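Novice: The sequence shown begins at 79 in this note's numbering and counts up one residue at a time.
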Amino acid sequence: MTPELLEAGAKARAEYEQRRAAAGPAGLMRLREPDFRHGVALYLDDVTVSFDGFKALNALSLNIDVGELRCIIGPNGAGKTTMMDCITGKTRPDAGKLSFGSTIDLLRLTEPEIAQIGIGRKFQKPTVYEQLSVFENLELALKADRRVRASLFSRLGGAQLDRIGEILGLIHLKDEAQRTAGLLSHGQKQWLEIGMLLMQDPKLLLLDEPVAGMTDEETERTAELFLSLEGKHSLVVVEHDMKFVEQLTQGRKKVTVLHEGSVLAEGLLSEVQANEKVVEVYLGR
Ligand SMILES: Nc1ncnc2c1ncn2[C@@H]1O[C@H](COP(=O)(O)OP(=O)(O)O)[C@@H](O)[C@H]1O
Ligand SMILES: [Mg+2]
79 MTPELLEAGA KARAEYEQRR AAAGPAGLMR LREPDFRHGV ALYLDDVTVS FDGFKALNAL
139 SLNIDVGELR CIIGPNGAGK TTMMDCITGK TRPDAGKLSF GSTIDLLRLT EPEIAQIGIG
199 RKFQKPTVYE QLSVFENLEL ALKADRRVRA SLFSRLGGAQ LDRIGEILGL IHLKDEAQRT
259 AGLLSHGQKQ WLEIGMLLMQ DPKLLLLDEP VAGMTDEETE RTAELFLSLE GKHSLVVVEH
319 DMKFVEQLTQ GRKKVTVLHE GSVLAEGLLS EVQANEKVVE VYLGR
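(1) What residue does the alpha helix (DSSP H) around Glu-214 start on, and which one ends it?
(2) Are there three or more Cβ pairs, one per stretch, closer than 8 Å when the stretch 142-161 is compared with the stretch 326-343?
(3) Are Leu-120 and Leu-282 closer than 7 Å when you measure CB to CB?
(4) Alpha carbon to alpha carbon, how far is Arg-233 from Glu-298? Give it in angstroms, no decimals.
(5) How is the beta strand (DSSP E) around Val-335 delimited, first residue to last?
(6) When the Cα of Asp-286 is compared with those of Gln-202, Lys-175, Asp-124, which residue comes out closest?
(7) Mind checking whether Ser-312 and Gly-157 have CB atoms under 7 Å apart?
(8) Are the CB atoms of Ala-259 and Leu-210 nearer to each other than 7 Å?
(9) Would you tell me roughly how many angstroms separate the C-alpha atoms of Arg-330 and Val-357, rounded to the nearest one?
(10) Answer with buried or exposed for Met-107, where buried requires no fewer than 16 other C-beta atoms within 10 angstroms of its C-beta.
(11) Provide the residue span of the alpha helix (DSSP H) that contains Phe-322, from first to last.
(12) State the Cα-Cα distance for the pair Pro-112 and Leu-303, rounded to the nearest angstrom.
(13) Can you give me the Cβ contacts of Val-315 inside the same chain, cut-off strictly under 6 Å, excluding the 5 residues immediately before and after it?
(14) Leaving out the 5 sequence neighbours to the left and right, which residues in its chain are closer than 7 Å to Ala-290 when beta-carbon positions are compared?
(15) By DSSP, does Glu-111 sit in helix, in strand, or in coil?
(16) Measuring only from the beta carbon, is Asn-154 closer than 6 Å to any heavy atom that is part of ligand 1?
(17) Roughly how many whole angstroms lie between the Cα atoms of Asn-353 and Lys-252?
(18) What does DSSP give as the partner residues of Ala-173 in its beta bridges?
(19) Pick out the complete beta strand (DSSP E) segments inside the stretch 127-171, 3 residues or longer, and give them in chain order.
(20) For Gly-167 and Thr-188, which I take to be in contact (beta-carbon distance under 8 Å), what is that distance rounded to the nearest angstrom?
(21) Could you pull out every residue in the same chain whose Cβ sits closer than 6 Å to the Cβ of Val-160, ignoring the five residues on either side in sequence?
(22) Which same chain residues end up closer than 6 Å to Asp-163 when comparing Cβ atoms and leaving out the 5 residues on each side of it in sequence?
(23) For Gly-265 and Ile-245, which I take to be in contact (beta-carbon distance under 8 Å), what is that distance rounded to the nearest angstrom?
(24) Got a sec? Which residues, its chain only, sit under 6 Å from Lys-175 by beta carbon, not counting five neighbours each side?
(25) Which residue's Cα is closest to the Cα of Gly-117: His-318, Lys-310, Met-277, Met-320?
(26) Tell me whether Lys-158 counts as near ligand 1, meaning its Cβ is closer than 6 Å to at least one heavy atom of that ligand.
(27) Following a CB-centred definition, is Ala-134 positioned closer than 6 Å to any heavy atom of ligand 1?
(28) Do Leu-147 and Glu-368 have their beta-carbon atoms positioned less than 7 Å apart in this structure?
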């Protein structure tokens with residue numbers, strides 16, 4: 079190779095690195111800021127998912143507004159978890175469109191990229207680091223956020239400590255900060271995992287059966303927590319516990335009933351509870 083070629087190669091490489099740095103952390107060139115000016119956080123349009131010819135989602139269309147708290151109910155097998163799998167990039171639909179805000183095509187992003195642009199997901203089973211303290215779990219979640227750019231071994235700054243303190247308050251674990259996470263109750267572990275999601279300040283939070291296995295008191299507190307997040311985040315909550323759904327909707331919010339992979343009904347909880355089709359497939363059991 080001639081010196082000229084070597085030099086040209088080095089120059090091209092430097093230019094590329096520069097462009098990459100300007101675009102933000104590695105590989106984020108495709109990750110523009112989402113556009114929420116239309117007031118919609120998430121669009122699902124005609125989304126279909128088939129497993130061996132069986133349609134788990136069947137032309138599902140659904141919008142979630144910015145700051146909205148939407149409960150999704152429906153019988154087992156209705157496609158609720160599959161819907162979340164599609165939003166987070168775990169499952170690729172056969173057809174349809176999914177968009178985050180009005181500009182970001184979720185089908186073009188990988189699962190980690192989707193998490194990174196601000197979609198957080200809580201699975202049914204809590205997944206916290208059992209051997210670490212509550213505080214350390216939140217600290218790790220903060221440092222996993224690439225925007226923070228902290229090394230795992232660097233000391234936390236004042237603003238970061240404040241943020242952890244704020245989240246500890248929100249999830250009712252201030253007094254348990256130094257406790258080993260493995261010793262928490264099931265409900266407290268669920269809250270800790272929600273806290274870990276919140277450390278990354280997601281725009282949209284997906285919560286799949288978050289109060290399953292919780293005591294009545296923990297369930298009530300979880301509803302209070304979600305209500306305090308409403309407005310700052312969009313929340314999609316899948317739940318079977320009707321008392322919990324009632325507490326979340328406060329008699330004025332829309333709920334969506336899913337059945338056989340599509341929307342069967344949408345409206346106030348009182349309206350869908352009076353809907354004959356809904357009673358037949360779900361509530362009347
Ligand atoms: N990976 C998979 N392979 C085959 N079938 C699946 C898969 N995931 C889900 N299903 C089927 O799709 C349907 C919807 O499942 P799911 O989304 O888990 O429903 P829900 O969460 O509403 O109970 C069910 O009939 C389920 O058996
Ligand atoms: Mg499910």
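All C-beta atoms, glycine included, are put in the ideal place defined by N, C-alpha and C. Just so we're clear, the structure is a prediction, and the values are computed from it rather than from any experiment.
Specialist: For this structure:
(1) Judged by DSSP secondary structure, Glu-214 falls within the alpha helix (DSSP H) whose first and last residues are 212-221.
(2) yes
(3) yes
(4) In this structure, the straight-line span from the alpha carbon of Glu-298 to that of Arg-233 is close to 36 Å.
(5) 332-337
(6) It is Gln-202 whose Cα lies nearest to the Cα of Asp-286.
(7) no
(8) yes
(9) 20 Å
(10) Only weak support is given to the placement of Met-107: the predicted model assigns it a pLDDT of 46, under 50, and the value that follows is read from those uncertain coordinates. Around the Cβ of Met-107, a 10 Å sphere holds fewer than 16 other Cβ atoms; the residue is exposed.
(11) 320-327
(12) 25 Å
(13) Cys-149, Leu-285
(14) Gln-202
(15) coil
(16) yes
(17) 43 Å
(18) Thr-126
(19) 132-143, 147-151
(20) 6 Å
(21) Sequence check: residue 160 is Thr here, not Val. Around Thr-160: Val-127, Ala-134, Leu-135.
(22) Thr-169
(23) Not a contact, Cβ separation roughly 16 Å.
(24) Asp-123
(25) Lys-310
(26) yes
(27) yes
(28) Beyond the ends of the chain as shown, which are 79 and 363, falls residue 368; an answer cannot be given.
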